[in-house]
Amino acid sequence: MVQPQLDDDICDAVQGRASLPGKAEATELVQGVLQALAYVLPPEQIAAACACLPGDLHWCLRCGPATPDPLIDSELFLGWVMSSLETTGGSDRTLGGEDPLASLAADEARYRVQLVLEELWRRMDAEQARACAACLPPGLADAVDPRRRK
Amino acid sequence: MSDARDEFDLALKPTWCPGCGDFGILSAVKDALTTLAISPHEALVVSGIGCGSKLPDYMHANGFMTLHGRPLAVATGAKLANHALHVIVVDGDGDAYGIGGNHFIHTVRRNPDITHIVEDNQIYALTKGQYSPTTPQGKVTTTSPEGAIERPVNPVALALAMGATFVARGFAGEPHHLSGLIQLAIRHPGYALVDVLQPCVVFNRAQSYDWYRQRIYKLEETGHDARDPAAAGTVAREWEERIPIGVIYAEEGVPAYEAQLPALQPGPLTARAGPSATRFEQLIARFR
Chain A
21 MVQPQLDDDI
31 CDAVQGRASL
41 PGKAEATELV
51 QGVLQALAYV
61 LPPEQIAAAC
71 ACLPGDLHWC
81 LRCGPATPDP
91 LIDSELFLGW
101 VMSSLETTGG
111 SDRTLGGEDP
121 LASLAADEAR
131 YRVQLVLEEL
141 WRRMDAEQAR
151 ACAACLPPGL
161 ADAVDPRRRK
Chain B
4 MSDARDEFDL
14 ALKPTWCPGC
24 GDFGILSAVK
34 DALTTLAISP
44 HEALVVSGIG
54 CGSKLPDYMH
64 ANGFMTLHGR
74 PLAVATGAKL
84 ANHALHVIVV
94 DGDGDAYGIG
104 GNHFIHTVRR
114 NPDITHIVED
124 NQIYALTKGQ
134 YSPTTPQGKV
144 TTTSPEGAIE
154 RPVNPVALAL
164 AMGATFVARG
174 FAGEPHHLSG
184 LIQLAIRHPG
194 YALVDVLQPC
204 VVFNRAQSYD
214 WYRQRIYKLE
224 ETGHDARDPA
234 AAGTVAREWE
244 ERIPIGVIYA
254 EEGVPAYEAQ
264 LPALQPGPLT
274 ARAGPSATRF
284 EQLIARFR
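Protein chains in written order, with the numbering used here: chain A, 21 to 170; chain B, 4 to 291.
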């Protein structure tokens with residue numbers, strides 16, 4: 021399925037801050053976080069976020085349900101990013117199968133989510149950013165407080 | 004999170020991988036029980052072996068982790084012993100459709116009042132990535148290095164073929180919608196299958212949240228008639244390009260297995276007085 025191109029600014033910024041090797045990886049990360057947001061933000065916050073971003077980003081924020089899902093927690097939110105991270109190491113020859121590194125990858129996932137959201141907050145006014153952050157699942161919201169934005 | 008749902012919460016933090024769909028399923032199960040005003044002591048959650056089968060450990064209710072593939076058999080026994088309990092089985096696709104495949108088939112046709120939630124991530128994840136009965140054909144896994152040869156099981160179509168009276172499919176990434184399906188399944192008087200599409204962020208990198216997001220659609224938004232077996236059969240076979248979630252089939256008026264057992268009509272076995280010591284001694288004496 022062909023998706024529209026994302027805005028270069030936010031992907032470039034995320035790529036630089038997260039030290040990602042390529043633009044494609046940064047694009048996938050930004051897409052993942054915005055899609056996760058689409059499932060937890062109410063329509064008015066979706067509209068506010070869209071207003072601060074170029075049109076080719078809007079599909080990511082508008083792909084969720086009509087109303088936010090109140091049961092999504094911080095762990096489930098990370099799922100949209102975890103799929104773009106390396107979560108297994110080499111083959112474990114002692115037990116068979118691959119060696120899961122998911123618990124280590126979680127710290128990286130949280131860090132990357134924080135970077136994307138900080139870049140998003142930068143494009144919004146402070147009140148809108150706080151309103152969006154207030155809709156994040158508990159636990160995640162503490163890690164991405166817009167008052168800490170750069 | 005509502006205060007009422009806290010009744011099912013434990014301080015124990017799940018050991019699932021961050022991002023695992025099991026988190027959404029756990030939230031949905033607790034929310035469904037809360038919404039239906041079922042208390043922890045009124046619910047029994049039975050599981051098998053696997054990542055998702057750890058779910059009973061993470062909620063405050065009666066729980067029973069059984070052998071691999073055997074939760075339906077244990078749940079049926081529990082239901083017969085105390086049919087006042089709300090019995091819920093939670094296991095993975097390998098446990099339900101592979102190792103427990105025989106139990107699955109015969110529990111469907113037996114129709115006990117059990118809600119069966121299958122965490123279908125299309126992989127054996129706890130044992131590190133072996134292909135399962137629902138793994139897509141051709142998928143490379145640790146036990147199919149040149150691609151899975153077999154065609155995958157279609158669990159919802161199989162359940163329909165065996166005469167299931169309630170068949171639904173949910174998505175772990177939309178736990179609120181899933182909670183609604185689980186509520187309907189619990190209220191259904193008979194065996195109810197809820198197959199839950201669940202991303203595994205470690206061992207199944209293809210069927211991700213984004214992959215499902217691009218494909219799933221909700222049956223309730225299409226005018227699908229869940230009472231129509233032919234329509235149910237059609238949507239049950241949909242996969243790959245468009246994947247339906249929601250209630251696929253619901254048949255009313257079929258009595259549950261335990262409702263047809265004369266011995267259970269006076270009430271749950273667990274509520275009756277056990278045999279007297281004298282009667283018990285007489286019974287033992289017969290076998291000496």
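Yeah, the Cβ is synthetic: ideal placement off N, Cα and C, and Gly gets one too.
These figures come from a predicted structure and were not determined experimentally.
Taking C-alpha atoms, which residue in Leu83/B, Gln217/B, Val48/B, Val257/B lies nearest to Glu244/B? Looking up residue 244/B in the second sequence gives position 241. Of Leu83/B, Gln217/B, Val48/B, Val257/B, the smallest CA-CA separation from Glu244/B is found for Gln217/B.
Confirm the yes/no value for this check: CB of Tyr131/A, any heavy atom of the ligand SAM, distance under 8 Å. For the structure depicted, the ligand SAM is absent and the ligand set is empty, with no information on it obtainable.
Chain-ordered chain B contacts of Trp79/A [CB-CB under 7 Å]: Counted from its first residue, the first sequence places residue 79/A at position 59. Under the 7 Å cutoff, chain B gives no residues; its nearest Cβ is about 11 Å from Trp79/A.
Could you give the first and the last residue of the continuous beta strand (DSSP E) run that contains Leu47/B? Within the second sequence, the letter at position 44 stands for residue 47/B. Element bounds for Leu47/B: 46–50.
Do the region 161–180 of chain B and the region 195–210 of chain B make contact, defined as three or more Cβ pairs closer than 8 Å? Contact annotation: the region 161–180 of chain B touches the region 195–210 of chain B, with at least three C-beta pairs closer than 8 Å.
Could you work out which residue in Val121/B, Ile120/B, Val156/B is closest to Phe137/B when comparing CA atoms only? Looking up residue 137/B in the second sequence gives position 134. This sequence places Thr at residue 137/B; Phe is not what is there. Nearest C-alpha to Thr137/B: Val156/B.
Can you tell me which residues form a DSSP beta bridge with Gly173/B? Residue 173/B sits at position 170 when you count from the first residue of the second sequence. Note: Gly173/B sits in a beta bridge opposite Val199/B.
Determine the DSSP secondary structure at Lys33/B, reduced to helix, strand or coil. Along the second sequence, read from residue 1 onward, the residue named residue 33/B stands at position 30. It is helical.
Measuring straight from C-alpha to C-alpha, what distance separates Arg142/A and Val49/B? As a working note, residue 142/A is residue 122 in the first sequence. As a working note, residue 49/B is residue 46 in the second sequence. Approximately 48 Å, taken between the alpha carbons.
Whole-angstrom C-beta distance between Leu29/B and Met68/B, which should lie under 8 Å: Walking along the second sequence from the start, residue 68/B turns up at place 65. Walking along the second sequence from the start, residue 29/B turns up at place 26. Between Leu29/B and Met68/B the Cβ distance is about 15 Å, and since that is not below 8 Å, they are no contact.
C-beta contact flag for Leu272/B and Leu83/B at 9 Å: Here the question's residue 272/B lines up with position 269 in the second sequence. Here the question's residue 83/B lines up with position 80 in the second sequence. Judged by their CB atoms, Leu272/B and Leu83/B are nearer to each other than the 9 Å cut-off.
Please confirm whether Val136/A has its beta-carbon closer than 9 Å to some beta-carbon of chain B. Here residue 136/A refers to the residue found at position 116 of the first sequence. False, the Cβ-Cβ gap to chain B never drops below 9 Å.
Could you spell out the range, first to last residue, of the beta strand (DSSP E) harbouring Phe67/B? As a working note, residue 67/B is residue 64 in the second sequence. 65–68 is the extent of the beta strand (DSSP E) around Phe67/B.
Any Cβ of chain B within less than 9 Å of the Cβ of Thr108/A? Residue numbering aside, residue 108/A sits at position 88 when the first sequence is read from its first letter. Contacts with chain B at 9 Å (Cβ-Cβ) include Thr108/A.
What's the C-alpha gap between Arg169/A and Ser211/B? Position 149 of the first sequence, counted from the first residue, corresponds to residue 169/A. Position 208 of the second sequence, counted from the first residue, corresponds to residue 211/B. Caution applies to Arg169/A, whose pLDDT of 46 falls short of 50 and renders its modelled position unreliable; the model cannot decide the point.
Is there a Cβ of chain B sitting closer than 9 Å to that of Leu96/A, yes or no? Indexing the first sequence from 1 puts residue 96/A at position 76. At least one chain B Cβ lies under 9 Å of Leu96/A.
From Lys142/B, Leu88/B, Thr79/B, Asp94/B, pick the residue whose C-alpha is nearest to that of Val111/B; which is it? The residue given as residue 111/B occupies position 108 in the second sequence. The option with the nearest alpha carbon to Val111/B is Thr79/B.
Please name the residue in Gly27/B, Gly101/B, Leu15/B, Gly22/B whose C-alpha comes closest to that of Leu121/A. Taking the first residue of the first sequence as 1, we reach residue 121/A at position 101. Residue Gly22/B is the option with its Cα nearest to Leu121/A.
Can the beta-carbon of His106/B be found closer than 9 Å to that of Gly72/B? The residue labelled residue 106/B in the question sits at position 103 within the second sequence. The residue labelled residue 72/B in the question sits at position 69 within the second sequence. A contact, by the Cβ cut-off of 9 Å.
In three-state terms, what does DSSP make of Tyr220/B? On the second sequence, residue 220/B is found 217 positions in, with the first residue counted as 1. Three-state DSSP puts Tyr220/B in a strand.
Would you kindly work out how many angstroms separate the C-alpha atoms of Ala151/A and Gln51/A, rounded to a whole number? Along the first sequence, read from residue 1 onward, the residue named residue 151/A stands at position 131. Along the first sequence, read from residue 1 onward, the residue named residue 51/A stands at position 31. For Ala151/A and Gln51/A, the distance between alpha carbons rounds to 21 Å.
Excluding the five sequence neighbours on either side, which residues of its own chain have a C-beta within less than 8 Å of the C-beta of Gly66/B, listed in chain order? The sequence position of residue 66/B within the second sequence is 63, counting from 1. Closer than 8 Å at the Cβ level, and outside the excluded window around Gly66/B, lie Leu47, Val48, Val49, Ser50, Pro59, Asp60.
Cβ-based neighbour list, Thr18/B, same chain, cut-off 6 Å, excluding 5 preceding and 5 following: As a first step, residue 18/B must be located in the second sequence, where it is residue number 15. So no residue of the chain qualifies.
Suppose you measure from the CA of Thr146/B to the CA of Pro178/B; what does that come to, to the nearest Å? Along the second sequence, one-based indexing puts residue 146/B at 143. Along the second sequence, one-based indexing puts residue 178/B at 175. For Thr146/B and Pro178/B, the distance between alpha carbons rounds to 31 Å.
In three-state DSSP terms, what is Gly95/B? For the purposes of this step, residue 95/B is taken as residue 92 along the second sequence, with counting starting at 1. Of the three classes helix, strand and coil, the one that applies to Gly95/B here is strand, per DSSP.
Could you tell me which chain B residues have their CB closer than 9 Å to the CB of Ile92/A, listed as they occur along the chain? Taking the first sequence and counting its residues from 1, one reaches residue 92/A at position 72. Going along chain B in sequence order, the residues near Ile92/A (Cβ under 9 Å) are Phe26, Gly27, Ser30, Gly176, Glu177, Pro178, His179.
Counting contacts by CB-CB distance shorter than 9 Å, is Trp242/B in contact with chain A? Here residue 242/B corresponds to residue number 239 of the second sequence, with the count starting at 1. No, its Cβ sits nowhere closer than 9 Å to a Cβ of chain A.
Is there a Cβ of chain B sitting closer than 9 Å to that of Ala56/A, yes or no? As a first step, residue 56/A must be located in the first sequence, where it is residue number 36. Ala56/A belongs to the set of residues whose beta carbon lies under 9 Å from a beta carbon in chain B.
Check Ser147/B in the structure and name its three-state DSSP category. Position 144 of the second sequence holds residue 147/B. Three-state DSSP puts Ser147/B in a strand.
Return the chain-ordered list of same chain residues with a C-beta closer than 8 Å to the C-beta of Ile41/B, the five sequence neighbours on each side being excluded. The residue labelled residue 41/B in the question sits at position 38 within the second sequence. So the qualifying residues of the chain are His89, Ile189.
Alpha carbon to alpha carbon, how far is Leu77/A from Val257/B? Within the first sequence, the letter at position 57 stands for residue 77/A. Within the second sequence, the letter at position 254 stands for residue 257/B. Leu77/A and Val257/B have their C-alpha atoms some 50 Å from each other.
Within 9 Å (strictly less), CB to CB, does Trp100/A reach chain B? Numbered from 1 along the first sequence, position 80 holds the residue referred to as residue 100/A. Yes, its Cβ sits closer than 9 Å to a Cβ of chain B.
So, helix, strand or coil for His191/B, using DSSP? To locate residue 191/B, count along the second sequence from 1; it is residue 188. In this structure, His191/B counts as coil in the three-state DSSP scheme.
Do you know how far the Cα of Glu139/A is from the Cα of Ala33/A? In the first sequence, the residue the question calls residue 33/A occupies position 13. In the first sequence, the residue the question calls residue 139/A occupies position 119. If I take the Cα positions, the gap works out to 8 Å.
Who are the neighbours of Val204/B on chain A, taking C-beta pairs under 7 Å? In the second sequence, the residue the question calls residue 204/B occupies position 201. Per Cβ cutoff of 7 Å: Gly99, Met102, Ser103, Thr107, Ala122.
Please tell me whether Phe26/B and Ala128/B are closer than 9 Å, where the distance is taken between their beta carbons. Taking the second sequence and counting its residues from 1, the one referred to as residue 26/B is at position 23. Taking the second sequence and counting its residues from 1, the one referred to as residue 128/B is at position 125. The answer is no: Cβ separation not under 9 Å.
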